[in-house]
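Remarks on the structure that follows.
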Amino acid sequence: MDYNAWFECSNGCTYPLTEVIYRCKNCDGLLAVKHDMDVLKQRSAGDWKSLFEQRYMRTQYPYGSGVWGKKEFVCPNIDDANIISMYEGGTNLFWAERFGEQLGLKDLWIKQCGNSHTGSFKDLGMTVLVSMVNQIIADSGNIRAVMCASTGDTSASLAAYASAAGIPAIILLPKAKVTREQLIQPIANGALTLSLETDFDGCMEIVQKLSARKDFYLANSINSLRIEGQKTISIEIVQQFDWEVPDWIIIPGGNLGNVSALGLGFLMMYELGITDKLPRIACAQAERANPLYRSYQTGFTEFHAITAQSTQATAIQIGNPVSIHRAIRVLKQFDGIVDQASEAELADAAARADRTGLFNCPHTGVALAVLIKMVERKQILPDERVIVISTASGLKFPEFKVAYHNIIPDEPPPRYLNTPIELEANYENVLKQIGAHLDA
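396 is the number that this note's numbering gives to position 396 of the sequence shown; each next residue is one higher, with no gaps.
Right, here's the structure in full:
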């Protein structure tokens, strides 16, 4: 089949995927990747399922990747030889049985996107973007570097994939607003890492100005090639449930590319007959960085960028999300809701779920806090299947964990505090302490 995809604006202007462009030349609107759906429909839904099952997590490069196993749905224009893949995707669905029982849910799952090469869901989109840059360089050789503004995870992913491709990477980070573990990732992969005295929105403003140069390629989610890779999470979730669609998906939202990507994957499967319904989507924001939540409160009739305040959920500390309009369209199509979580709520939710076998990043804590609220309000019913998207590995945020499990003088202890108990190396003392713990 002659599968094809291209960039297209909302007014129908089209551009090839190999063109270095992010907004329409005529209307200045963001571009989306469009596929020739008529050609895709020539293969039956059953045949698509069978093909994806044959490829999934197998060894034939690059089709064993959770992204490139769906190449026809993602970016068929790239030659296999130019694909840069680290077998991203294929992350497990954690059946949160004990946590679900505590909430009164029978069918709660956590999609562990942090179990990826660089520790976050960003790998799903970055493999597509860097592969396209590799294709452009192979065709014309006129891109000198790829670049991004980041709150941590995007920079780690870009640096890793760019270094694997041998392409220089330029990273703009807000100074002192990412964890040490996130900062060292692009440094270790050899990226030029610029720590700017501003916030993410300030970094984003500068990187968009830089992207006017055609020899620098922008890797933020304003570039819809990223969205194409990230939309495979929808397909993978359904595939992992033997092609059944869940009732609810709860996802943290910052720059909001993940929300729009989630919707695009489900809409594509629905149009091709692979699925017969759409889930409902809930977007979870930190209370201190909640422009989408504020817009939702107006019925999406208004949107105003804000100055995001400091939050433990640093990756979603964004006040002017570039994918705001895409995300709103998706939420309307999916009968979606938007809610928020305070700093205490997100920290308590993450710690509570950790006690049932998880190790959550603060952004997942935001989603879990919203989950708890939705269950309490009976928006989610006991027999509904719920997926919470865990966007990154908790190992990237040790200070978040350490700060929670720490006694601060003159402050009430956290609800799920657990601290080590110092004892002399004496058998009787140890046995006594164990007994007191087990009998409590």
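For glycine and all other residues, C-beta sits at the position ideal for the given N, C-alpha and C. These numbers were taken from a predicted model, which means no experiment stands behind them.
Please report the Cβ distance between Met147 and Val207, rounded to the nearest whole angstrom; I am assuming they are in contact, meaning their Cβ atoms lie under 8 angstroms. 6 angstroms
State the DSSP-derived secondary structure class of Met147, mapped to helix, strand or coil. The three-state reading of DSSP puts Met147 in strand, counting E and B together.
Do we get a CB-CB distance below 7 angstroms when we pair Tyr56 with the residues of chain B? The structure shown contains no chain B; it is built from a single protein chain.
Pull up the distance between the alpha-carbon of Pro409 and that of Asn418, whole angstroms please. 16 angstroms
Can you tell which of Pro186, Ser150, Ala188 has the C-alpha that lies nearest to the C-alpha of Leu172? That would be Ser150, whose Cα lies nearest to the Cα of Leu172.
Within the continuous beta strand (DSSP E) that includes Ile233, where are the two ends? Element bounds for Ile233: not the beta strand (DSSP E) but the alpha helix (DSSP H), 232-240.
Chain-order list of residues whose beta-carbon lies under 7 angstroms from that of Gln312 (same chain, five-residue window excluded): Only Glu343, Leu346, Ala347, Pro362, Phe400 meet the Cβ criterion.
Going along the chain, which residues of its own chain have a beta-carbon closer than 6 angstroms to the beta-carbon of Ile328, five neighbours each way excluded? Phe300
Element boundaries [alpha helix (DSSP H), containing Ala164]: 153-165
Is it buried or exposed, Glu287, if we count other Cβ atoms within 10 angstroms and call 16 or more buried? Glu287 counts as buried, since at least 16 other C-beta atoms from the protein chains shown sit within 10 angstroms of its C-beta.
Expressed to the nearest angstrom, what Euclidean distance is found between the alpha-carbon atoms of Asp153 and Gly119? 8 angstroms
For the alpha helix (DSSP H) containing Thr364, list its first residue and its last residue. 362-376
By how many angstroms is the C-alpha of Leu292 removed from the C-alpha of Leu194? Cα-Cα distance, rounded: 29 angstroms.
Which stretch, first to last residue, makes up the alpha helix (DSSP H) that contains Val388? It is not in any alpha helix (DSSP H) - Val388 instead sits in the beta strand (DSSP E) that spans 385-390.
Considering only the beta carbon of each residue, do Gln230 and Gly125 sit closer than 7 angstroms? Yes, they are a contact pair.
Look at Gly253 and Gln285 and say whether their C-beta atoms are less than 7 angstroms apart. Result yes, Cβ atoms of Gly253 and Gln285 sit closer than 7 angstroms.
Can you give the beta carbon distance from Ile222 to Val322, rounded, assuming they're within the 8 angstroms contact cut? Ile222 to Val322, Cβ: 5 angstroms. Contact.
Around the C-beta of Asp123, are 16 or more other C-beta atoms found within 10 angstroms, so that it is buried, or is it exposed? Residue environment analysis places Asp123 among the buried positions, since at least 16 neighbouring C-beta atoms fall within 10 angstroms of its C-beta.
On the DSSP letters alone, give me the boundaries of the beta strand (DSSP E) that Tyr217 sits inside. 216-218
Alpha carbon of Asn426 to alpha carbon of Asn92, nearest angstrom: 42 angstroms
Helix, strand or coil for Ile274? Go by DSSP, reduced to three states. coil
Any heavy atom of the ligand ZN closer than 6 angstroms to the CB of Val338? The ligand ZN is absent from the structure shown, which contains no ligands of any kind.
Any beta strand (DSSP E) of 3 or more consecutive residues that is wholly inside the region 88-151: 93-95, 107-112, 145-149
Rounded Cβ spacing between Ala282 and Val366 (contact assumed at less than 8 angstroms): Wrong, their Cβ atoms sit about 11 angstroms apart, outside the cutoff.
Would Ile249 and Ile407 be called neighbours here (beta carbons separated by less than 7 angstroms)? no
Can you give me the start and stop residues for the beta strand (DSSP E) that Glu411 sits inside? It is not in any beta strand (DSSP E) - Glu411 carries neither H nor E in the DSSP assignment.
Glu384 versus Ala350 - alpha carbon distance: Going from the Cα of Glu384 to the Cα of Ala350 covers about 22 angstroms.
Nearest-angstrom beta carbon gap, Ile170 and Ile389 [assumed within contact, 8 angstroms]: With 8 angstroms as the limit, Ile389 and Ile170 do not qualify as a contact, their Cβ atoms being about 28 angstroms apart.
Buried or exposed: His117, going by 16 or more other Cβ atoms within 10 Å of its Cβ? buried
Quick one: what's Ile441 bridged to in DSSP? Outside the modelled stretch of the chain, which goes from 1 to 440, sits residue 441, for which no answer is possible.
So is Ile434 buried or exposed if we call it buried at 16+ other beta carbons inside 10 Å? Exposed is the label assigned to Ile434, since fewer than 16 other Cβ atoms lie within 10 Å of its Cβ.
Take the Cβ of Ser234 as the centre, count every other Cβ of all protein chains shown within 10 Å, and call the residue buried at 16 or more, exposed below. buried
Please classify Cys27 as buried or exposed, where buried requires at least 16 neighbouring CB atoms within 10 angstroms. exposed
Quick check on His437: buried or exposed, where buried means 16 or more other Cβ atoms within 10 Å of its Cβ? His437 comes out exposed.
Taking buried to mean at least 16 other C-beta atoms within 10 Å of its own C-beta, is Val430 buried or exposed? exposed
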